[in-house]
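**Student:** Counting in my numbering, the sequence shown runs from 9 upward without gaps.
The C-beta atom is built at its ideal place from N, Cα and C for all residues, glycine as well.
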Amino acid sequence: MKIFITGANRGLGLALASTAVERGHTVIAGSRDGENPTGKLKVLQERFPDKVLSVSLDVTSEQSISIAANQIMEKEGSIDAIINNAGVLYERDAKIEDLDFSLLELTMNVNLYGPMRVMKHFLPLLKQGTNQTVINISSDAGSIANAYGGDYPYAISKTALNMFSKQLNHYLSNQQIRVYAVHPGWIKTDMGGDKARGSPIETASNLLDILEKKKEIDRDLFFINHRGEAMPL
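Following this line, the structure appears as structure tokens:
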């Protein structure tokens, strides 16, 4: 399977890339420094030179995404899965009276418009693949039923991402392409913090099980947790 992952240079994205190549899949790792990866992504690419293709990708730039899609089309011709993982978390503790709207706009640009841009330019590649799946990394913060008074930019962006996932799932249903918005759990990453109880490797393993169709998920479900269980809308 050829899997395209955004934000693959750290956190959950890196765990997904590592887990995927260890299972024998090919990973196309998108990140801002993709042409010259550093840190653990560089180590992973050196360890699996035939399984990791690193590409430069800025999800806030449609031009960057278009260039990356064209590069992958030339090198691979198709992909089988997309994981829209790149995301930001700003203004976590800000009250509505103090909210910095420039950071709200940036959050929407990355967390919502980013996946939309990716799907615009990568869907032709995905349609050439087999047994295709799209995973948009969402959050329980995006549940309207469980809304709380905080994390305004992040929560609102993830609620909107859930809507986009639902729309895309319906749009692609006649082509048997599944689209999920997935709550990854509270995991130990730069975003999740040290107090988080979950492991990014465990979540990555569960997400790969979803891609590999090892989990039976009802056709009507689109907002799920990483174990494939329904999340409250």
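In terms of residues, what are the limits of the beta strand (DSSP E) holding residue 16?
**Tutor:** Here residue 16 belongs to no beta strand (DSSP E), and DSSP marks it neither H nor E.
**Student:** Indicate whether the contact test is met: 3 or more Cβ pairs, each with one atom in the region 107-125 and one in the region 33-52, closer than 8 Å.
**Tutor:** The region 107-125, when compared against the region 33-52, does not touch it at the 8 Å Cβ threshold.
**Student:** Are three or more beta carbon pairs between the region 14-28 and the region 41-51 nearer than 8 Å?
**Tutor:** Yes: at least three Cβ pairs fall under 8 Å.
**Student:** Measuring alpha carbon to alpha carbon, tell me which residue in 94, 195, 151 and 138 is nearest residue 124.
**Tutor:** Among 94, 195, 151 and 138, the Cα nearest to that of residue 124 is on 94.
**Student:** Enumerate in chain order the residues of its own chain whose CB-to-CB distance from residue 133 is below 7 Å, with the five nearest sequence positions on each side excluded.
**Tutor:** 77, 80, 81, 86 and 87.
**Student:** Under 8 Å by Cβ, that's how I've got residue 190 and residue 139 pegged, so tell me the actual separation to the nearest angstrom.
**Tutor:** Actually they are not in contact, since the Cβ atoms of residue 190 and residue 139 sit about 18 Å apart, beyond 8 Å.
**Student:** Should residue 222 go down as buried or exposed, given a rule of 16 or more other Cβ atoms within 10 Å for buried?
**Tutor:** Under this definition residue 222 is an exposed residue.
**Student:** Quick one: what does DSSP say residue 156 is sitting in, helix, strand or coil?
**Tutor:** Three-state DSSP puts residue 156 in coil, outside helix and strand.
**Student:** Check this for me: beta carbons of residue 38 and residue 14, under 7 Å apart or not?
**Tutor:** Yes, the Cβ-Cβ distance between residue 38 and residue 14 is below 7 Å.
**Student:** In this structure, what does DSSP give as the bridge partners for residue 231?
**Tutor:** For residue 231, which the question treats as bridged, DSSP gives the partners 189.
**Student:** Taking the Cβ atom as the reference point for each residue, do residue 128 and residue 146 lie within a distance shorter than 7 Å?
**Tutor:** No, Cβ-Cβ distance for residue 128 and residue 146 is not below 7 Å.
**Student:** Which whole runs of the alpha helix (DSSP H) in the region 119-145 are 4 residues long or more, in chain order?
**Tutor:** Runs found: 122-135.
**Student:** Select from 173, 122, 57 and 90 the residue whose C-alpha is nearest the C-alpha of residue 71.
**Tutor:** Nearest C-alpha to residue 71: 122.
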